[in-house]
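K.L.:
In my numbering, the protein residues as written are 300 to 811.
My structure is below; once you've seen it, I'll send some questions.
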Amino acid sequence: MTLELIPGEVRLETLEEIYRSDGAVALSHDCHDAINASAAILSKAATGDAPVYGVNTGFGKLANKRIALEDIETLQRNLILSHCSGVGDPLDASTVRLVMALKLVSLGRGASGVRMEVIAQLEHMLARGVTPVIPAQGSVGASGDLAPLAHMAAVMIGEGEAYFRDARMPAKNALLAAEIKPIVLAAKEGLGLINGTQVSTALALVGLFDAWRAMQSALVTGALSTDAAMGSGAPFRPEIQAVRGHQGQIDAAQFLRAVMSGSDIRNSHRIDDERVQDPYCIRCQPQVMGACIDLLRQTAKTLEIESNAATDNPLVFDDGSIISGGNFHAEPVAFAADQLALAIAEIGSIAQRRIALMVDPTLSYGLPAFLTPEPGVNSGFMIAEVTSAALMSENKQRAAPCSIDSTPTSCNQEDHVSMACHAAYRLGPMNKNLTQIIGIELLTAAQGVEFRGPLKTSLPLQAVIEKLREKAPSLKEDRFMANDLVTAAELVRQGVVTEATAEVAPLNYHSD
Numbered sequence: 300m301t302l303e304l305i306p307g308e309v310r311l312e313t314l315e316e317i318y319r320s321d322g323a324v325a326l327s328h329d330c331h332d333a334i335n336a337s338a339a340i341l342s343k344a345a346t347g348d349a350p351v352y353g354v355n356t357g358f359g360k361l362a363n364k365r366i367a368l369e370d371i372e373t374l375q376r377n378l379i380l381s382h383c384s385g386v387g388d389p390l391d392a393s394t395v396r397l398v399m400a401l402k403l404v405s406l407g408r409g410a411s412g413v414r415m416e417v418i419a420q421l422e423h424m425l426a427r428g429v430t431p432v433i434p435a436q437g438s439v440g441a442s443g444d445l446a447p448l449a450h451m452a453a454v455m456i457g458e459g460e461a462y463f464r465d466a467r468m469p470a471k472n473a474l475l476a477a478e479i480k481p482i483v484l485a486a487k488e489g490l491g492l493i494n495g496t497q498v499s500t501a502l503a504l505v506g507l508f509d510a511w512r513a514m515q516s517a518l519v520t521g522a523l524s525t526d527a528a529m530g531s532g533a534p535f536r537p538e539i540q541a542v543r544g545h546q547g548q549i550d551a552a553q554f555l556r557a558v559m560s561g562s563d564i565r566n567s568h569r570i571d572d573e574r575v576q577d578p579y580c581i582r583c584q585p586q587v588m589g590a591c592i593d594l595l596r597q598t599a600k601t602l603e604i605e606s607n608a609a610t611d612n613p614l615v616f617d618d619g620s621i622i623s624g625g626n627f628h629a630e631p632v633a634f635a636a637d638q639l640a641l642a643i644a645e646i647g648s649i650a651q652r653r654i655a656l657m658v659d660p661t662l663s664y665g666l667p668a669f670l671t672p673e674p675g676v677n678s679g680f681m682i683a684e685v686t687s688a689a690l691m692s693e694n695k696q697r698a699a700p701c702s703i704d705s706t707p708t709s710c711n712q713e714d715h716v717s718m719a720c721h722a723a724y725r726l727g728p729m730n731k732n733l734t735q736i737i738g739i740e741l742l743t744a745a746q747g748v749e750f751r752g753p754l755k756t757s758l759p760l761q762a763v764i765e766k767l768r769e770k771a772p773s774l775k776e777d778r779f780m781a782n783d784l785v786t787a788a789e790l791v792r793q794g795v796v797t798e799a800t801a802e803v804a805p806l807n808y809h810s811d
């Protein structure tokens, strides 16, 4: 089944479906007329006398160089080949497919002047599994993601490298195997393909998708830790959240109440508990996690707008005008990526403090040291907690803003840049660290809850523990721990933790 995209109306949920699946993607036929109209305007300009940037002129600092009509196709081809200057590890196939889909949406706005042949080439590649090899490094996030997008465009003309059926090969071989012919780029089409924010935006979207899943998982593991530590549910009451008013805080508290409802453990210590207040990592979950939810939703709004935007240069308009501007500057994406990094770091920070609480018998209200039945001869989760601390600190260091950094490029023509691409790229390893931290909390919290037997936690949280125990048994005595940590992190990454609670505590990217 082909997923249809309507430029200007594509939602985050659709983009996440593209990222997490490998089906065919195509533009709605309703946008074809606008694409054809802008292509006709551009074609007329290419044969005219007036200089039009990127159409019959050179690029960047070479914009004052006029290009003869017979050299326009060569100009576009040379642009792609020369800009294939990316380095580093290739982006994963799912991210590259998202890049291609975003480029389709952007070109589908009918402001880029490309022909339907360019649209069809991207659609065929997506449908038949030809995935360009795009090196991760080389974009400063202004004048578009030039180098990485050039690697994408190169495959369309039979140059560079691509994956086909999981095999890496020369692009021309991949196209041949998929029965796709290389295209010849017409006026401005090379520029239209590489002059945009689609790589930065795709990487930021992936960061958002994974951070959102991790955030929901951290609410679940936070609820488990609260029950394991016999923490109070009073700080989650709705009236506390209402008098502050932040929607994320309200939603986080509602989530915690929902997943903990019916817990025997929670009900067992409502009366005659000598403790007055829990540590902040338990008590302030709605405030901290709610602030992270609000930040994630703010970035979601920005990235949804950017995903539907025409971001190349120059742009073609209905009145026949072709105007040079700066929509390729990825400052909104850079800010969004920096905000995501802050949220990722903070979710991991408070989760790590709950892990530390769980292994500390002076704080865990009766649980054994390091959550092992026989402390001393066994070390239990001692070093798992240390690992979580290492990952937390690594993420805090990576959360420093990238958007405040700029350096002039291209002979000072491009004198202020966003650094959006690597701002977004670092979200991948940050989310990987966060997922592992939450996986460790899943292990410690589940172990803690089991120590409270015969009392049981709520049904939704019991379901989470059951999913974990299918893969990792309770810790009775010390064993090789690394495999358990990987297993638990994978349950978080795959969404297994959130699936078990989705019906009782739904959350979405939009606050309405």
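Just so you know, even glycine gets a beta-carbon here, dropped at the ideal spot from N, CA and C.
For residue 421, report the span of its alpha helix (DSSP H) as first-last.
P.N.:
Taking the first residue of the sequence shown as 1, we reach residue 421 at position 122. Residue 421 -> alpha helix (DSSP H) spans 415 to 427.
K.L.:
Please tell me whether residue 598 and residue 635 are closer than 8 Å, where the distance is taken between their beta carbons.
P.N.:
Start at 1 with the first residue of the sequence shown, and residue 598 comes out as number 299. Start at 1 with the first residue of the sequence shown, and residue 635 comes out as number 336. Yes, the pair counts as a contact, with Cβ atoms nearer than the cut-off.
K.L.:
Can you confirm whether the segment 552 to 569 touches the segment 507 to 514 when touching is taken to mean that 3 or more C-beta pairs between the two stretches lie within less than 8 Å?
P.N.:
Output reads no: the segment 552 to 569 does not touch the segment 507 to 514.
K.L.:
By DSSP's criteria, residue 462 is part of a beta bridge. Which residues make up the other side?
P.N.:
As a position in the sequence shown, residue 462 is number 163, starting the count at 1. Residue 462 is bridged to 430 and 467.
K.L.:
Which residues mark the beginning and the end of the alpha helix (DSSP H) in which residue 551 is found?
P.N.:
Position 252 of the sequence shown holds residue 551. Its alpha helix (DSSP H) spans residues 546 to 559.
K.L.:
Contact between the segment 735 to 743 and the segment 533 to 544: three or more CB pairs below 8 Å?
P.N.:
Result no; under three Cβ-Cβ pairs closer than 8 Å.
K.L.:
Going by DSSP, which residues form a beta bridge with residue 365?
P.N.:
Taking the first residue of the sequence shown as 1, we reach residue 365 at position 66. Bridge partners of residue 365: 356.
K.L.:
What are the start and end residues of the beta strand (DSSP E) that includes residue 303?
P.N.:
What you label residue 303 is simply residue 4 of the sequence shown in a count that begins at 1. Here the beta strand (DSSP E) through residue 303 covers 302 to 304.
K.L.:
Does the distance from the C-beta atom of residue 401 to that of residue 453 stay below 8 Å?
P.N.:
The residue you call residue 401 lines up with position 102 of the sequence shown. The residue you call residue 453 lines up with position 154 of the sequence shown. No, these two residues do not count as a Cβ contact at 8 Å.
K.L.:
Compare the beta carbon distance of residue 440 and residue 633 with 8 Å and say whether it is the shorter of the two.
P.N.:
Locating residue 440 in the sequence shown gives position 141, where the first residue counts as 1. Locating residue 633 in the sequence shown gives position 334, where the first residue counts as 1. Yes. Within cutoff.
K.L.:
Specify, as a first and last residue, the run of the alpha helix (DSSP H) that residue 325 falls within.
P.N.:
Numbered from its first residue, the sequence shown carries residue 325 at position 26. Per DSSP, residue 325 belongs to no alpha helix (DSSP H); it is in the beta strand (DSSP E), 324 to 326.
K.L.:
Ends of the alpha helix (DSSP H) at residue 685?
P.N.:
The residue you call residue 685 lines up with position 386 of the sequence shown. Element bounds for residue 685: 681 to 697.
K.L.:
Once you ignore the five residues that flank residue 759 on each side, which residues in its own chain have a CB closer than 7 Å to its CB?
P.N.:
In the sequence shown, the residue the question calls residue 759 occupies position 460. Same-chain partners within the cutoff: 558, 799, 800 and 803.
K.L.:
Can you find the residues in the same chain that come closer than 6 Å, C-beta to C-beta, to residue 782, ignoring five residues on each side of it along the sequence?
P.N.:
Sequence index remark: in the sequence shown, residue 782 carries index 483 (1-based). Counting only Cβ-Cβ distances below 6 Å, and skipping sequence neighbours, we find nothing.
K.L.:
Within the chosen definition, does the segment 416 to 435 reach the segment 323 to 332 through at least 3 CB pairs nearer than 8 Å?
P.N.:
A contact exists between the segment 416 to 435 and the segment 323 to 332.
K.L.:
Does the count of Cβ pairs from the segment 753 to 770 and the segment 663 to 676 closer than 8 Å reach three?
P.N.:
As far as the Cβ criterion goes, the segment 753 to 770 does not touch the segment 663 to 676, which means the pair count is below three.
K.L.:
Over the uninterrupted beta strand (DSSP E) stretch that includes residue 386, give me the two end residues.
P.N.:
As a position in the sequence shown, residue 386 is number 87, starting the count at 1. Counting along the chain, the beta strand (DSSP E) containing residue 386 begins and ends at 386 to 389.
K.L.:
Since I believe residue 521 is in contact with residue 652 (beta carbons under 8 Å), could you give me their beta-carbon distance rounded to a whole number of angstroms?
P.N.:
As a first step, residue 652 must be located in the sequence shown, where it is residue number 353. As a first step, residue 521 must be located in the sequence shown, where it is residue number 222. About 10 Å separates the two Cβ atoms, so there is no contact after all.
K.L.:
Using the beta-carbon count (16 or more within 10 Å), is residue 550 buried or exposed?
P.N.:
Residue numbering aside, residue 550 sits at position 251 when the sequence shown is read from its first letter. Classification of residue 550: buried, given that the 10 Å Cβ count is 16 or more.
K.L.:
Name the one or two DSSP bridge partners that residue 436 has.
P.N.:
Within the sequence shown, the letter at position 137 stands for residue 436. Answer is 386, bridged to residue 436.
K.L.:
When you compare only the Cα positions, how much space is there between residue 814 and residue 581?
P.N.:
Because the chain here runs from 300 to 811, residue 814 falls outside it and cannot be looked at.
K.L.:
Can you tell me where the alpha helix (DSSP H) holding residue 402 begins and where it ends?
P.N.:
As a first step, residue 402 must be located in the sequence shown, where it is residue number 103. Residue 402 -> alpha helix (DSSP H) spans 392 to 406.
K.L.:
Quick one: what's got a C-beta closer than 6 Å to residue 714's C-beta in the same chain, skipping five residues either side?
P.N.:
Locating residue 714 in the sequence shown gives position 415, where the first residue counts as 1. Only 707 meet the Cβ criterion.
K.L.:
Helix or strand or just coil, what does DSSP make of residue 677?
P.N.:
The residue labelled residue 677 in the question sits at position 378 within the sequence shown. Three-state result, residue 677: strand.
K.L.:
Which class does residue 614 belong to by DSSP, given the choice of helix, strand or coil?
P.N.:
Numbered from its first residue, the sequence shown carries residue 614 at position 315. Three-state result, residue 614: strand.
K.L.:
According to DSSP, simplified to helix, strand and coil, what is residue 708?
P.N.:
Locating residue 708 in the sequence shown gives position 409, where the first residue counts as 1. Strand.
K.L.:
Check the Cβ-Cβ distances between residue 346 and every residue of chain B, and say whether any is below 8 Å.
P.N.:
Reference to chain B is not applicable here, since this structure consists of a single protein chain.
K.L.:
Where does the unbroken alpha helix (DSSP H) through residue 537 begin, and where does it stop?
P.N.:
Working through the sequence shown from its first residue, we reach residue 537 at position 238. Its alpha helix (DSSP H) spans residues 537 to 541.
K.L.:
Between the C-alpha atoms of residue 784 and residue 742, what's the straight-line distance to the nearest angstrom?
P.N.:
Counting from one through the sequence shown, the residue named residue 784 turns up at place 485. Counting from one through the sequence shown, the residue named residue 742 turns up at place 443. Taking the straight line from one Cα to the other gives about 8 Å.
K.L.:
So, for residue 656: in the same chain, excluding its five sequence neighbours on each side, which residues have a beta-carbon less than 8 Å away from its beta-carbon?
P.N.:
Taking the first residue of the sequence shown as 1, we reach residue 656 at position 357. Once the five neighbours on either side are set aside, the close Cβ partners of residue 656 are 524, 528, 578, 580, 581, 662 and 663.
K.L.:
Using only alpha-carbon positions, find the residue among 317, 554, 775 and 592 that is nearest to residue 677.
P.N.:
Here residue 677 corresponds to residue number 378 of the sequence shown, with the count starting at 1. Of the listed residues, the one whose Cα sits closest to residue 677 is 775.
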